[in-house]
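Chemist: Residue numbers (our numbering), protein chains in the order written: chain G, 32 to 335; chain R, 135 to 515.
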């Protein structure tokens, strides 16, 4: 029996499966395109009526007033303030945890602590919102009253930011730990041989060697905080104003979008389009952060 | 013989020598452990405080009737029946879309994808999708599914939206699991004449399955707790009915327009309603009026007509074509609804709902972590 090995057999089922898998994968591009199309096209309708200049320069965000003003600045200050508080909590704590787990803890302790901390990242954000509003805020109010004699408002970005910070600890700790563990053992041993202690080795050898991965982890955490919605909606208040102190209440970009959506949005109105304009700002912000984080993490992976 | 001691003594190294400041440096080294443990404890303490807060606020509300009561404008009557049933239906829809698409996409990228521009575009897309804030998916849902595709503010819209949200999680988990299957497995299969898909289906997929399941569980757990995108598609409504019912269950119809708390939008408005089955009407002030089939009544907005679902009603309601288009509420939305109300009793209900939500998500995440741990121990290539 002769068989022609030069001829490729046609296998329709094989080809159909490959096609199916390909379509599933290409869907990812379609989703990105869909998001960009929807957000940009609706935002474009918004920018036809509101000049982009006003959007960037005006210091008031009052779309629901009779003489509406559309300046993104108040929303951005709200977002930056809550993110700043979150980072102030998460960066020191997350990095301490990462250094401890990577350089000091026994493998057994690491295997227990890391997954337990990762549970923190799995808690629904609406539960965090409740926790911020009804646990952290009263705690802070008592603290501010007793130490500074200041009445902290019931809604404030401080409480929302702190809880957001606690939420992103696992992201920062876990990714930074990965980066530090990727540093070759020889570098540590060289340092020990020179007489350095573990702490000195951690901060003068391992940390600098892993720094791009660590910065990447922090930026990824930052991107989470910028995009977080429920905690700030529930605990941060929904008043769009230029925020100069974390003790104020304020609306973030995400909180504004959610707040408008909570009312009945009349489709096609300027108000409806304004949430897409705000969404576009948010999308650009997080995409830039993700891009930087991704580039940094790639660099650290290629280093060794 | 003492010859060795003769002549100049060899330089003796003082092995007790310690460089200056060593004690202090060693102390700092140990002191750091304290700070490291403290930071870890703050993280773990948050989890404890969270559970403690919810338990102390809401545990006393957890009862049979809390699980099987509808939301109500009376805080003590309010329950999560429509919320957990809604969550299950939305998650079923989410899983239906996210699992096959995510696994197929992951398999394609690891097993089939050639190194070309399309592949790297797909990879960039997946990486970026993972970083898109969840509320942006809500904008996509409103702009595309509700507006353009006219799917309505339905379980279908919610399910598709959440499946897109967790797609990157499933894809990344699939890729990692598939990548960890050694090349020899594929080569062995191909060598004995299996086609590429046969090798993938019978020799790669089974070994990658636990890893994939871990990713799916984490994705599903995220979808269960997700609130923001569902608020955008209008999930915050007063839903005092179930999309699916059993025969003999109460069937609820709310009269007129009510807000998300079940209060009438226009307090004095009435509507003429024809009663189609024997039952009761619960007035907005919670008084009950028995009604019989065929009656025609003027009812105030906010009144609820309750009758008993017939076998036919119930059977029809279980068809996906029926419930996919239904309005819905889910656990996190219900909790958010109660959190935004001033009455202490509603906040207690919110805490109770949060406790249920937390228990489900921690259980799912915990089992995913356990599975991952088992996996690492069980398979040593």
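No residue lacks a Cβ here, since even glycine has one placed at the ideal position from N, Cα and C.
From a predicted model like this one, the values you see are computed outputs, not experimental measurements.
Mind checking which residues open and close the beta strand (DSSP E) that includes residue 424 of chain R?
Modeler: In this chain, the beta strand (DSSP E) harbouring residue 424 of chain R covers 422-425.
Chemist: Going by beta carbon distance, what residues of the same chain come within less than 8 Å of residue 320 of chain G, once the five residues before and after it are set aside?
Modeler: If we look at residue 320 of chain G and ignore the five residues flanking it on each side, its Cβ neighbours are 250, 251, 253, 254 and 257.
Chemist: Would the beta-carbon of residue 160 of chain R fall within 7 Å of that of residue 230 of chain G?
Modeler: no
Chemist: Curious, which full-length beta strand (DSSP E) runs of at least 3 residues does the segment 180-239 of chain G contain?
Modeler: Segments of the beta strand (DSSP E) lying fully in the segment 180-239 of chain G: there are none.
Chemist: Specify, as a first and last residue, the run of the alpha helix (DSSP H) that residue 414 of chain R falls within.
Modeler: Counting along the chain, residue 414 of chain R falls outside any alpha helix (DSSP H), though it belongs to the beta strand (DSSP E) covering 413-416.
Chemist: Determine the DSSP secondary structure at residue 259 of chain G, reduced to helix, strand or coil.
Modeler: coil
Chemist: When the Cα atoms are used, what is the spatial distance from residue 172 of chain R to residue 49 of chain G?
Modeler: Answer to the nearest angstrom: the Cα atoms are 52 Å apart.
Chemist: Roughly how many angstroms separate the alpha carbons of residue 429 of chain R and residue 208 of chain R, rounded to a whole number?
Modeler: One alpha carbon belongs to residue 429 of chain R, the other to residue 208 of chain R, and they sit about 27 Å apart.
Chemist: Could you pull out every residue in the same chain whose Cβ sits closer than 6 Å to the Cβ of residue 333 of chain G, ignoring the five residues on either side in sequence?
Modeler: Here the model assigns residue 333 of chain G a pLDDT of 49, short of 50, so the residue's position is not dependable, and the following value carries that caveat. None.
Chemist: In the structure shown, what three-state DSSP assignment does residue 92 of chain G receive?
Modeler: strand
Chemist: Comparing alpha-carbon positions, which option in R/417, R/475, R/461 and R/421 lies nearest residue 364 of chain R?
Modeler: R/461
Chemist: Within the chosen definition, does the segment 143-152 of chain G reach the segment 292-307 of chain G through at least 3 CB pairs nearer than 8 Å?
Modeler: no
Chemist: Checking the sheet assignment: what are the DSSP bridge partners for residue 404 of chain R?
Modeler: For residue 404 of chain R, which the question treats as bridged, DSSP gives the partners R/434.
Chemist: Can you tell which of G/159, G/140, G/223 and G/235 has its C-alpha closest to the C-alpha of residue 337 of chain G?
Modeler: Outside the modelled stretch of chain G, which goes from 32 to 335, sits residue 337 of chain G, for which no answer is possible.
Chemist: Taking only runs of the alpha helix (DSSP H) that begin and end inside the segment 263-348 of chain R, which ones reach a length of at least 4 residues, in chain order?
Modeler: Runs of the alpha helix (DSSP H) lying entirely within the segment 263-348 of chain R, each at least 4 residues long, are 268-274, 289-313, 317-325 and 330-333 in chain order.
Chemist: Nearest to residue 289 of chain G by CA position, among R/150, R/269, R/500 and R/259, is which residue?
Modeler: Considering only alpha carbons, the answer is R/269.
Chemist: Using the DSSP secondary-structure output, state which residues sit across from residue 101 of chain G in a beta bridge.
Modeler: G/92
Chemist: Rounded C-beta distance between residue 347 of chain R and residue 315 of chain R? I'm assuming under 8 Å.
Modeler: In fact, because the Cβ distance is near 15 Å, the residues do not count as touching under 8 Å.
Chemist: Taking all protein chains shown into account, do 16 or more other C-beta atoms lie within 10 angstroms of the C-beta of residue 242 of chain R, making it buried, or fewer, making it exposed?
Modeler: buried
Chemist: Helix, strand or coil for residue 146 of chain R per DSSP?
Modeler: coil
Chemist: Given a threshold of 16 other Cβ atoms within 10 Å of its Cβ, counted over all protein chains shown, does residue 225 of chain G qualify as buried or as exposed?
Modeler: It counts as exposed.
Chemist: Using a cut-off of 7 Å between C-beta atoms, extract the partners of residue 55 of chain G located in chain R.
Modeler: Those are 235, 238, 239 and 242, listed as they occur along chain R.
Chemist: Identify whether residue 249 of chain G lies in helix, strand or coil by the three-state DSSP scheme.
Modeler: helix
Chemist: Write down the C-beta distance between residue 219 of chain G and residue 232 of chain G rounded to the nearest angstrom, noting that I regard them as a contact closer than 8 Å.
Modeler: 6 Å
Chemist: Quickly, what does DSSP pair residue 237 of chain R with across the bridge? List them, please.
Modeler: Note: residue 237 of chain R sits in no beta bridge, so no partner.
Chemist: If we count the other Cβ atoms within 10 Å of its Cβ and call it buried at 16 or more, is residue 210 of chain R buried or exposed?
Modeler: exposed
Chemist: Roughly how many whole angstroms lie between the Cα atoms of residue 116 of chain G and residue 248 of chain R?
Modeler: 45 Å
Chemist: Quick one: list the residues of chain R neighbouring residue 321 of chain G, beta-carbon separation under 7 Å, in chain order.
Modeler: 262 and 265
Chemist: Just mark residue 472 of chain R as buried or exposed, buried being the case when its beta carbon has 16 or more other beta carbons within 10 Å.
Modeler: buried
Chemist: Near residue 288 of chain R, what residues of its chain come up, given a Cβ to Cβ distance below 8 Å and the 5 sequence neighbours on each side ignored?
Modeler: These residues qualify, in order along the chain: 458, 459, 460, 461 and 462.
Chemist: Run down chain G in chain order and give the residues with a C-beta less than 7 Å from the C-beta of residue 160 of chain R.
Modeler: 228
Chemist: Using the C-alpha atoms, what's the distance from residue 465 of chain R back to residue 116 of chain R?
Modeler: Here chain R has residues from 135 to 515 only, and residue 116 of chain R is not among them.
Chemist: Going along chain R, which residues have a C-beta under 9 Å from residue 253 of chain G?
Modeler: Ordered by position in chain R, no residue passes the 9 Å Cβ test against residue 253 of chain G, which lies about 11 Å from the chain.
Chemist: To the nearest angstrom, how far is the alpha carbon of residue 195 of chain R from that of residue 279 of chain G?
Modeler: Cα to Cα, residue 195 of chain R sits roughly 33 Å from residue 279 of chain G.
Chemist: Cβ of residue 274 of chain G versus every heavy atom of the ligand FAD: is any distance shorter than 6 Å?
Modeler: Absence of the ligand FAD from the depicted structure is noted, as is the absence of any ligand whatsoever, leaving it without description.
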